[in-house]
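With the first letter of the sequence shown counted as 1, position 87 gets the number 91 in the working numbering; the numbers rise by one all the way through. From the three backbone atoms N, C-alpha and C, an ideal C-beta is built for every residue, glycine too. Keep in mind it's a predicted model, so treat the numbers as computed, not measured.
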Amino acid sequence: MKALILVADGFEELTLFVPWYRLREEGVKVTLASPLLHAVSGLHGYTIEPNARIHDLNPADFDLLVIPDGPAVERLRIREAAVDVARTFSQEGRIAAIGHGPQLLISAGAVDGRTLTCSPGIRDDVRASGATYRDEPFVLDGNMLTGRGPDDLPEFTRSLMRFLKAAVKV
Numbered sequence: 005m006k007a008l009i010l011v012a013d014g015f016e017e018l019t020l021f022v023p024w025y026r027l028r029e030e031g032v033k034v035t036l037a038s039p040l041l042h043a044v045s046g047l048h049g050y051t052i053e054p055n056a057r058i059h060d061l062n063p064a065d066f067d068l069l070v071i072p073d074g075p076a077v078e079r080l081r082i083r084e085a086a087v088d089v090a091r092t093f094s095q096e097g098r099i100a101a102i103g104h105g106p107q108l109l110i111s112a113g114a115v116d117g118r119t120l121t122c123s124p125g126i127r128d129d130v131r132a133s134g135a136t137y138r139d140e141p142f143v144l145d146g147n148m149l150t151g152r153g154p155d156d157l158p159e160f161t162r163s164l165m166r167f168l169k170a171a172v173k174v
């Protein structure tokens with residue numbers, strides 16, 4: 005199994021590192037991709053080196069897309085390559101987005117008619133784009149798992165592992 009995590013400057017460290025390491029513990033091959041192939045900095049000063057540029061990726065090579073929280077999502081959603089990846093996964097793959105991550109899904113036109121959770125700061129954006137918002141630690145709607153934010157990482161990550169195991173059985 006392969007997972008793709010989209011990152012840009014301003015990612016929220018916990019919502020990147022916790023799912024990333026948990027996926028690796030399960031033997032999932034994880035690729036970190038950003039718009040440009042250079043180190044990106046998180047909100048609290050941690051930096052990471054992406055493995056790939058988003059523009060160079062083929063979404064069909066991955067089983068799961070993970071979108072961490074943070075202002076990085078604003079930087080990703082203005083990149084058409086990132087929006088295209090999210091759109092493709094919404095139609096043909098599995099997505100896990102936490103906090104502000106659903107903003108990229110909104111830009112991809114992937115939330116209309118769906119039920120999800122997110123950071124309370126963007127719940128009105130979620131509703132305005134045709135989705136039903138739930139104030140819960142995580143929400144699973146078909147191929148889309150969403151989480152409210154860093155405080156809910158234990159519940160979100162447990163749900164992510166169940167989500168992956170269900171994908172393997174399919």
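Review point. What distance in whole Å lies between the Cβ atoms of G105 and D67, which are believed to be in contact at a cut-off of 8 angstroms?
Key: About 17 angstroms separates the two Cβ atoms, so there is no contact after all.
Review point. L168: buried (16+ other C-beta within 10 angstroms of its C-beta) or exposed?
Key: buried
Review point. What separation, rounded to the nearest whole angstrom, lies between the Cα atoms of V210 and L120?
Key: Shown here, the chain extends from 5 to 174; a query on residue 210 therefore has no answer.
Check your understanding: Any contact of the region 148-156 with the region 85-100, i.e. 3+ C-beta pairs under 8 angstroms?
Key -> yes
Exercise for review: Give a yes or no on whether the C-beta atoms belonging to V89 and L20 are separated by under 8 angstroms.
Suggested key: no
Exercise for review: Look at the alpha carbon of M5 and the alpha carbon of D65, and state the distance between them as a whole number of angstroms.
Suggested key: 10 angstroms
Check your understanding: Exposed or buried, Y137, counting other C-beta atoms within 10 Å across all chains shown (16 or more means buried)?
Key -> buried
**Study point:** Candidates L27, P39 and A100: closest to E78 by CA position
**Key:** P39
Practice item. Would you tell me roughly how many angstroms separate the C-alpha atoms of A86 and E140, rounded to the nearest one? Key: 26 angstroms
**Study point:** Reduced DSSP category for V174 - H, G, I as helix; E, B as strand; rest coil
**Key:** Low local confidence applies: a pLDDT of 44 at V174 is under 50, so the model's placement there is unreliable, with the coordinate-based value given in what follows. Correct three-state label for V174: coil.
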